[in-house]
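All remarks here apply to the structure that follows.
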Amino acid sequence: MDHEADAFRTDLMTITRFVLNEQSKHPESRGDFSILLSHIVLGCKFVCAAVNKAGLAKLIGLAGETNVQGEEQKKLDVLSNEVFVKALVSSGRTCILVSEEDEEAIIVEPSKRGKYCVVFDPLDGSSNIDCGVSIGTIFGIYMIKDAGEARLEDVLQPGKNMLAAGYCMYGSSCTLVLSTGSGVNGFTLDPSLGEFILTHPDIKIPKKGKIYSVNEGNAKNWDGPTAKFVEKCKFPTDGSPAKSLRYIGSMVADVHRTLLYGGVFLYPADKKSPNGKLRVLYEVFPMSFLMEQAGGQSFTGKERALDLVPKKIHERSPIFLGSYDDVEEIKALYAAEEKA
Ligand code: FDP
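Residue numbers (the numbering used here): 229 to 568.
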């Protein structure tokens, strides 16, 4: 990269410009999707600002307690949920919302309805908030089947039917990664401009990686193929070097690293949690969509993750996602077990 030229770059590809460019490739488009996305971007900027202030908030009162002004302080995950629900409803382009924070799906009132369903985790990795580790928002977008009526079935669709998916990571910088079904692009928030700028165009995950990422504390409860795969990562028998272990414990950050550096992220089933931990609609599907769009794969231990048909909005599934060749190895181990 020519850093000198970069320092003086004046022709910035903002996320708005990028989305409008994409929109112009579809002359029939009325701009509804671009409007929806601009509301999601606004939600991400708001949450980013709140996360950045989280440490400072301790000076004036702890979350859930009353601050010096006597105002009730909201917990960051509750606040983030409110921000996204309001941003999405006010876009006038949504009809059903499923949030990790809300037990029931939100059916948008008819006067504010549009044709999109949004599934999201407003603040994923929230156990990391208090120690300043990267956390994020994850989202996926479906289109409603019958514009006249919004039904729960509209969000109980396989992930392959998603129109778009993405995440925003609140870390050392604020990065929004998005796919609208033709590749994956990453945008970084320039705080001086308040704009997301295209910094990672057309992200492709390396075909094979040098990193595996899993909570090894659960190892005693793993099934055979997961245990065999991790053993192979540490003690390869084909002459290849051992893989490095990296586990942050915050899905957005672990998946972001996997996407950029390659390797595999797994949250498998175990004896204690036969369906794994991560939620199908707003964790497994959006991340699997991005992985496939970047040239990787995503597998549940039984099938392609995006083929799964959820029966409940908060359903969980085991997940193995990342570099194509690494996931291929995991698939082979499960196939061998099934044969045996
Ligand atoms: P968290 O519990 O902090 O909200 O699904 C939530 C999640 O984090 C993911 O972001 C993360 O990948 C995973 O759980 C971590 O789970 P373990 O602590 O069991 O490893």
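We put the CB at the ideal spot given by N, CA and C, even for glycine. In this text the structure is predicted, and so the values were computed from the model without any measurement.
Assigned exposure category for residue i - 16 Cβ within 10 Å defines buried
i: Cys396; result: buried
i: Leu287; result: Confidence is the limiting factor: at Leu287 the pLDDT is only 49, short of 50, which leaves the residue's position unreliable and the question unanswerable from this model.
i: Val537; result: exposed
i: Phe493; result: buried
i: Phe463; result: exposed
7 Å CB neighbourhood of residue i in its chain, flanking five on each side removed
i: Pro429; result: Asn413
i: Gly298; result: Caution applies to Gly298, whose pLDDT of 47 falls short of 50 and renders its modelled position unreliable; the value that the coordinates give is listed next. Contacts found: none.
i: Lys373; result: Asp382
i: Met390; result: Gly368, Ile369, Tyr370, Phe513 and Phe517
i: Lys388; result: Leu534 and Asp535
i: Asn356; result: Ile363, Gly477 and Ser478
Same chain only: Cβ atoms within 6 Å of residue i, ignoring 5 sequence neighbours per side
i: Val247; result: Ser262 and Leu265
Boundaries (first-last residue) of the beta strand (DSSP E) holding residue i
i: Gln525; result: Gln525 to Phe527
i: Val346; result: Arg341 to Asp352
i: Gly364; result: Ile363 to Met371
i: Tyr440; result: Ile439 to Ser441
i: His428; result: Glu423 to His428
Residue i to residue j span [Cα, whole Å]
i: Asp548; j: Thr528; result: The question names Asp, but residue 548 is Phe in the sequence shown. The straight-line gap from Cα to Cα measures roughly 6 Å.
i: Glu337; j: Leu487; result: 37 Å
i: Glu460; j: Leu473; result: One detail in the question is off: residue 460 reads as Lys in this sequence, not Glu. The straight-line gap from Cα to Cα measures roughly 12 Å.
i: Pro350; j: Gly364; result: 7 Å
i: Tyr552; j: Ser501; result: 26 Å
i: Thr427; j: Phe415; result: 5 Å
i: Leu534; j: Ile541; result: 15 Å
i: Leu316; j: Thr322; result: 7 Å
i: Gly399; j: Gly283; result: 13 Å
i: Gly394; j: Ser308; result: 16 Å
Extent of the continuous alpha helix (DSSP H) to which residue i belongs
i: Ser468; result: Taken as a continuous stretch (DSSP letters only), Ser468 belongs to no alpha helix (DSSP H), as it is neither H nor E.
i: Cys276; result: Asp260 to Asn280
One or two residues paired with residue i in a DSSP bridge
i: Asn413; result: Leu406
i: Val311; result: DSSP, once it has assigned bridges, lists no residue as partnering Val311.
i: Met397; result: Gly364 and Thr403
i: Phe517; result: The partner list for Phe517 (beta bridge, DSSP) is empty, contrary to what the question assumes.
i: Phe548; result: Leu494 and Phe527
i: Ile357; result: Its beta-bridge partners do not exist; DSSP assigns none.
i: Ile334; result: Leu325
i: Asp418; result: Glu423
Residues near residue i in its chain [Cβ-Cβ closer than 8 Å; skip 5 each side]
i: Lys456; result: Leu561
i: Lys343; result: Asp260, Arg321, Cys323, Met371, Ile372 and Ala375
i: Lys435; result: Gly490, Gly523, Ser551, Tyr552 and Asp553
Any non-hydrogen atom of the ligand FAD within 7 Å of residue i CB
i: Glu511; result: Annotation note on the ligand FAD: not contained in the displayed structure, which lists the ligand FDP as its ligands.
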